[in-house]
Amino acid sequence: MKIEKVETFLVPPRWLFCRVETDEGVVGWGEPVVEGRAESVRAAVHTLAEYLLGRDPLRIEDHWQVMATAGFYRGGPVLSSALAGLDQALWDIAGKTYGAPVHALLGGPVRDRVRMYAWVGGDEPGELADSIAARVEAGFTAIKMNAVGRMPARHATQSDVHGVVERVALAREVLGPGRDVAVDFHGRVGAADARRILPLIAAFQPMFAEEPVLPDRPHLLRDVVTASSVPVATGERLYSRWDFRQALEAGVAVVQPDLSHAGGISETRRIAALAEVWDAKLAPHCPLGPIALAASLQVAFATPNFLIQEHSIGIHYEEGAGLLDYVMDAGTFRFTDGYATRSDAPGLGVQIDEAAVRKAGEKGHAWRNPVWRHEDGGLAEW
Ligand SMILES: [Mg+2]
1 MKIEKVETFL VPPRWLFCRV ETDEGVVGWG EPVVEGRAES VRAAVHTLAE YLLGRDPLRI
61 EDHWQVMATA GFYRGGPVLS SALAGLDQAL WDIAGKTYGA PVHALLGGPV RDRVRMYAWV
121 GGDEPGELAD SIAARVEAGF TAIKMNAVGR MPARHATQSD VHGVVERVAL AREVLGPGRD
181 VAVDFHGRVG AADARRILPL IAAFQPMFAE EPVLPDRPHL LRDVVTASSV PVATGERLYS
241 RWDFRQALEA GVAVVQPDLS HAGGISETRR IAALAEVWDA KLAPHCPLGP IALAASLQVA
301 FATPNFLIQE HSIGIHYEEG AGLLDYVMDA GTFRFTDGYA TRSDAPGLGV QIDEAAVRKA
361 GEKGHAWRNP VWRHEDGGLA EW
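Each residue of the sequence shown is one higher than the one before, counting from 1 in full-length UniProt numbering.
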């Protein structure tokens, strides 16, 4: 079997899909994307595809090594995400060729259900309570919320800090003691303010605090980790096992590689194994489309130190198009009591609606994240 064609589709709301076709008619799908940089990743996918054309798709590891390292320059979001999407497509082809789900090829399932968490938006307290209650009503046992919105200034005031504490307290009140809340800092507050805030929310026992420090400042992580008992999570902007090493050495409790950014299924499995050395758990980042989510679930079913999975269904940025618009059977992503159920469908276990993808690809998108400013006009972290 040989790889014959690699195509890419820029589809709303902000995604990029790739389709890898073989001379035997087996087709694999992947999702190589960096949110806001989709066109750059698309160019990188087609550069990497030059090597794949005419080669055996089942030599996944060898292709991974070539795509990751043989170009001399390596790593970073664009190259690692292009690699990630192609890696997903190759695993999809392998599963379809062997008639097995990818998790079977990874050693077989270690669980039958995968716990999911749901995003809640809403910056107003009333809105937040309603939003969480709706997620609980839908069966979710865990939610994630932003710690803060746009910071008015570089330094958090007492009322900024108080606002975070109030919101986490409210979430805990609505959730009760038997469900979980995760708090995403999005790198917005800085290490010093994170050290002030974390001890104050520790009483509400969040499942984890995400990106309390920007990913390019791993040397500050240890101080934040030791500032409170709140488990610290990071990783959506880290791209390889080498990137994760410093975070793990600093004591993070949860690693969050994104299946579409961190070298795909192949590298995420290795990051998870590395995390086990530090007793850290895997919670893949995935505010993305159906292929990234399907790839995440395959890893979750086969990875012992998996904790919980993110998904984008019903998320705030889904305007005009959503994850379910690109799949043949929406039941693939129907969650029961907040859990995804394992299936034996081959490959990534999702049937992509090719006609819908081709049609959406004609429309494309030009999604960019907003540029935020502090009240003094200075640039703020989004
Ligand atoms: Mg995040």
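Quick reminder that beta carbons are idealized off the backbone N, C-alpha and C, glycines included. Here the structure is a predicted model, which is why all the values come from computation and not from measurement.
Does residue i pass the burial test, meaning 16 or more other C-beta atoms within 10 Å, or should it be called exposed?
i    : result
K2   : exposed
L379 : exposed
K144 : buried
L259 : buried
D243 : buried
A138 : exposed
S80  : buried
P290 : buried
R358 : exposed
D376 : exposed
Q298 : buried
H219 : exposed
N146 : buried
S159 : exposed
H155 : exposed
P177 : exposed
Go through its chain and collect everything with a Cβ distance to residue i's Cβ below 7 Å, but skip five positions before and after it.
i           : result
L307        : V254, K281, L282, A283
P304        : V110
residue 409 : Since the first residue shown for the chain is 1 and the last is 382, residue 409 is missing from the structure and cannot be characterised.
A227        : R195, L198, P199
A82         : P32, V41, A44, V45, L48
A250        : P218, L221, R222, V225
I271        : R241, F244, V255, P257, A262
Select from the options the residue whose C-alpha is nearest the C-alpha of residue i.
i           : options                : result
Q88         : C18, V11, V136, R172   : C18
R42         : T268, G85, G76         : G85
residue 386 : S240, A356, R196, S131 : With the chain running from 1 to 382 in the structure shown, residue 386 is simply not present.
H285        : Q309, A192, D325, V350 : Q309
Y239        : V225, S229, R269       : R269
T47         : G314, T22, V78, E35    : V78
P287        : G264, G263, A272, I313 : I313
S266        : L53, D329, G107        : G107
E21         : Y339, L53, A250, A273  : L53
residue 441 : E124, V34, A194        : The requested residue 441 is not part of the displayed model; the chain covers only 1 to 382.
L214        : A192, S229, V45        : A192
L323        : R342, V181, D353       : D353
M207        : S229, G263, T157, P346 : S229
A171        : G126, T157, G190, H155 : G126
L293        : A156, A340, E39        : A340
F333        : S296, A360, N369       : S296
G76         : G263, H311, I271       : G263
I need the straight-line Cα distance from residue i to residue j, nearest angstrom please.
i    : j    : result
D279 : E362 : 46 Å
V168 : R115 : 21 Å
F185 : R59  : 39 Å
A344 : F301 : Before going on, a small fix: residue 344 reads as Asp here, not Ala. Between D344 and F301, the C-alpha separation is close to 11 Å.
G121 : A134 : 12 Å
A100 : P57  : 16 Å
V102 : T69  : 24 Å
V174 : V136 : 9 Å
Q246 : R222 : 10 Å
Q65  : G331 : 35 Å
R241 : S131 : 36 Å
A273 : Y51  : 29 Å
A129 : V183 : 15 Å
Q205 : G71  : 45 Å
Within a Cβ cutoff of 6 Å, which residues of the same chain sit near residue i, ignoring the five residues on either side of it in sequence?
i    : result
H374 : A153, A380
R188 : V148, M151, E381
Q256 : A233, G235, E236, A283, H285
T141 : R179, G338
E35  : R14
Are the beta-carbon atoms belonging to residue i and residue j less than 8 Å from one another?
i    : j    : result
P212 : L198 : yes
W367 : P32  : no
L348 : W15  : no
A209 : V232 : yes
Q351 : V327 : yes
H261 : L10  : no
A355 : D325 : no
V181 : V225 : no
D23  : E7   : no
R55  : H63  : yes
R342 : R113 : yes
Could you name the residues of the same chain whose beta carbon sits closer than 8 Å to that of residue i, not counting the 5 residues immediately before and after it, in chain order?
i    : result
E276 : P304, N305
V26  : M1, P57, I93, K96, T97
A321 : V11, P12, P13, A360
L105 : W91, A94, G95, Y98
R217 : A191
A346 : The sequence as given places Pro at residue 346; Ala does not occur at that position. So the qualifying residues of the chain are G95, K96, Y98, G99, A100, P101.
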